Structure formats: structure tokens, C-alpha cells
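In our numbering, the protein residues as written are 1 to 139.
Here you go:
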């Protein structure tokens, strides 16, 4: 039979708590990540990003993934993420690679802020995507 208590699934296993307060604390500790993705189809070139991706609530950017359908050749693909116009992260996709993931990031973002993605070195790369992962509960 079932074990008495309050149960929740943490994404990997079922867990048990004994009180509503304990359950609330446990559920609040489970990361709630969201993503914003910028896709650049075709051959990319050095360019200042014009598409704005807005955050309606205060949040923290925790990770950035960069990928390409046709990997860079000759030199690395380089991007910059700007928050309200100022660079907060610069990333690179190495020669021959299709995917790279940043080290954990901790970039605070105020409500109603926006990011843009610049390409600072295009490296004969095609079909590029940049995924920004953020957690609105970090603040």
C-alpha cells in the first residue's frame, strides 16, 4: 500500500513529506526553468541583434546554449547576449562543433528587461540557435 503522508514528484523520483509546510518548501526548491530561443536560419553574418526577447518578471539567466546546423569552419562562431543594450555574456561555438553549453551563469534580470543576441564572428556557420535558460525563482 501507499506510505502515509504528502507525496510529490521532483522530476526523478517520488518523495514524501509529513506536513504542508514541508511540502511547500520542497516544491519551492524544485527549479522552475524557462527558455527564450533566438533562431537564425541560413548562413549567418556578423550583425547586431534587433529582435528583443522580453522578461516580464524579475529572473536570473542560468545557462546559454549555442548550436548550429552547419558548424563553424576556419574560426569559432562568437555571440554576445546584451541585456537592455549592455553585454552580459559572450559565448563561442568552436570550429567543427554543433553545440556548446555555457558554464552555469548567474545574471540578474529586472522585470520588463530585454535581451538581444549579436553575432560578433560568423565563421561560415549556418542555421544558428541561441537558447537562454532562466529561473524566475532565483531572486
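Note that CB positions come from ideal geometry on N, CA and C, so glycine has one too. Being a predicted model, the structure only gives us computed values, none of them experimental.
Residue pairing by DSSP places residue 81 opposite 89, 117 in a beta bridge.
Rounded to whole angstroms, residue 64 and residue 91 show a C-alpha spacing of 8 Å.
For a cut-off of 8 Å, the C-beta gap from residue 39 to residue 129 is around 5 Å, short enough to register as a contact. Note on geometry: alpha-carbon atoms of residue 96 and residue 77 lie some 10 Å from one another. For residue 69 and residue 93, the gap between their C-alpha atoms comes out near 12 Å. The residue among 123, 12, 5 with its C-alpha nearest the C-alpha of residue 71 is 123. The C-beta distance from residue 75 to residue 107 rounds to 26 Å, too long to meet the 8 Å contact threshold.
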